[in-house]
Amino acid sequence: MKVFDNTTKKIFFASWVALTPTEASNTSAIHSHHPASKPDLDILQPLRRWLDRVKVSDRQFAHRLCHLIPAQCPFERDVKLFGKTLFHIPPMCKLNPLYEEVMSLRFRALCYLADECGEDVSQYC
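Structure (structure tokens):
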């Protein structure tokens, strides 16, 4: 079961927004909606930076990353009873606050194996 089988059919666009050059240059109107601009406190930012800085330069390390990080969300399930689907548990990986960084790390490992080592990475897809 693939994630896009259940998600792409339900995508819709509510509206399109186009900025005219006069609206795009008027940035003070955008910032006036926030009365007191407090600095955003992101406690995961150091971990995000660390994950983005991890260099994949070892073949064994790249293989280990590809084995540990799944290509698809392992939590997505159809709960069935007597062959009938009772309900569907959607993929919850996007709720992970570090999802993008972990997927980026897996992609860098796959690229290293394919480009630098010349290996076939189809087993990880």
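Going by UniProt numbering, 16 is the number at position 16 of the sequence shown; the sequence numbering is gapless. Positions of the beta carbon are idealized from the N, C-alpha and C atoms, including for glycine. If you're wondering where the values come from, they're calculated on a predicted model, not measured in any experiment.
At the level of alpha carbons, what is the spacing between residue i and residue j?
i      : j      : result
Pro90  : Glu76  : 5 Å
Phe82  : Gln72  : 26 Å
Arg53  : Cys111 : 16 Å
Lys55  : Leu86  : 44 Å
Pro70  : Ala62  : 13 Å
Tyr124 : Lys94  : 20 Å
Met103 : His67  : 13 Å
Glu119 : Leu113 : 6 Å
Leu41  : Asn96  : 17 Å
For a test of the three-state rule: what should DSSP assign to residue i, helix, strand or coil?
i     : result
Thr27 : Below a pLDDT of 50, predicted positions are generally treated as unreliable, and Thr27, at 49, falls in that range; no measurement from the model is reported.
Tell me, which residues are paired with residue i by DSSP?
i     : result
Arg64 : Per DSSP, none; premise fails for Arg64.
Leu81 : Lys84
How close, in whole Å, do the beta carbons of residue i and residue j come, if the pair is a contact with beta carbons under 8 Å?
i     : j      : result
Leu98 : Arg48  : 7 Å
Leu51 : Glu101 : 4 Å
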